[in-house]
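**Q** Dumping the structure here so I can ask a few things about it.
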Amino acid sequence: MRLFITGFIAALLLKSCSPVEQTPYYDKGEEVFNLVWDKYRIHHHKLFSEYYPSTFAPDLTYFQEGSREAQEVSFLWPFSGLFSSTNILMEFDPDRYQPYLDSMVIAVEMYYDSLRKPPGYQAYPVHLDYSDRYYDDNGL
Numbered sequence: 003m004r005l006f007i008t009g010f011i012a013a014l015l016l017k018s019c020s021p022v023e024q025t026p027y028y029d030k031g032e033e034v035f036n037l038v039w040d041k042y043r044i045h046h047h048k049l050f051s052e053y054y055p056s057t058f059a060p061d062l063t064y065f066q067e068g069s070r071e072a073q074e075v076s077f078l079w080p081f082s083g084l085f086s087s088t089n090i091l092m093e094f095d096p097d098r099y100q101p102y103l104d105s106m107v108i109a110v111e112m113y114y115d116s117l118r119k120p121p122g123y124q125a126y127p128v129h130l131d132y133s134d135r136y137y138d139d140n141g142l
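Take the position in the sequence shown, starting the count at 1, then add 2; the result is the number in the numbering used here.
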């Protein structure tokens, strides 16, 4: 959840800027974006943690079947906030942010479940666990 909030804050700050004019919000948004990549990135998975520090594993209480301990990497929904901020930064400096976007595209494909019918994105990376698939995750 914290990953989503910080990624979403970065996206909001960046979206408040015009692509031709970088305001003070741009600097703040870029700062938050860089902090997320620095603090939340789990390099061996090429994904992100939902929490910082990544060793912090609170109980997640938003599941219908009861609470669970936080997973090693984020669910798809929190990941989407960071993906949005990456897309916005591409408007300002495509050459600089293309590697970030490429990484995000590769990462989001780790959530794609082609075995079940119909194929779609599941809530957690396929290679790490079997999980539910949600309409809103697939709408992203």
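All C-beta atoms, glycine included, are put in the ideal place defined by N, C-alpha and C.
1. Figure out for me which residue from G31, A109, K119, V34 has the closest Cα to the Cα of H46.
2. Under a three-way DSSP split, which group does F77 fall into?
3. Measuring CA to CA, which of N36, I90, S86, F50 is closest to V75?
4. Which residues in the same chain as S133 place their Cβ atom closer than 6 Å to its Cβ, once the five residues preceding and following it in sequence are excluded?
5. Return the chain-ordered list of same chain residues with a C-beta closer than 6 Å to the C-beta of W39, the five sequence neighbours on each side being excluded.
6. At which residues does the alpha helix (DSSP H) containing Q100 begin and terminate?
7. Using the three-state DSSP reduction, which class does L130 fall into: helix, strand or coil?
8. Am I right that M106 and T88 are in contact with their C-beta atoms under 8 Å? What's the rounded C-beta distance?
9. So, is E33 buried or exposed, given that buried needs 16 or more other C-beta atoms within 10 angstroms?
10. Mind checking who L49 pairs with in its DSSP beta bridge?
11. Identify whether Y136 lies in helix, strand or coil by the three-state DSSP scheme.
12. Here's the rule: buried if 16 or more other CB atoms are within 10 angstroms of the residue's CB, otherwise exposed. What is I147?
13. Whose C-alpha, out of P26, K48, Y27, K41, is nearest the C-alpha of L103?
**A** Looking at the coordinates:
1. One-based indexing of the sequence shown puts residue 46 at position 44. Comparing Cα-Cα distances from H46 to each of G31, A109, K119, V34, the minimum goes to A109.
2. For the purposes of this step, residue 77 is identified with residue 75 of the sequence shown, where counting begins at 1. Three-state DSSP puts F77 in coil, outside helix and strand.
3. As a first step, residue 75 must be located in the sequence shown, where it is residue number 73. Closest option to V75, Cα to Cα, is F50.
4. The residue you call residue 133 lines up with position 131 of the sequence shown. Result list for S133: Q124, A125, Y126, in chain order.
5. Here the question's residue 39 lines up with position 37 in the sequence shown. None.
6. Reading the sequence shown from its first residue, position 98 is the one you call residue 100. It spans 96-111 - the alpha helix (DSSP H) in which Q100 sits, taken as one unbroken run.
7. Translated into the one-based positions of the sequence shown, residue 130 becomes position 128. Reduced to three states, the DSSP call for L130 is coil.
8. Along the sequence shown, read from residue 1 onward, the residue named residue 106 stands at position 104. Along the sequence shown, read from residue 1 onward, the residue named residue 88 stands at position 86. Between T88 and M106 the Cβ distance is about 5 Å, and since that is below 8 Å, they are a contact.
9. Working through the sequence shown from its first residue, we reach residue 33 at position 31. That one is exposed.
10. For the purposes of this step, residue 49 is taken as the residue at position 47 of the sequence shown. Answer is I44, bridged to L49.
11. Locating residue 136 in the sequence shown gives position 134, where the first residue counts as 1. Residue state, collapsed to three classes: coil.
12. Since the first residue shown for the chain is 3 and the last is 142, residue 147 is missing from the structure and cannot be characterised.
13. Mapped onto the sequence shown, residue 103 falls at position 101. Out of P26, K48, Y27, K41, K48 has the C-alpha closest to the C-alpha of L103.
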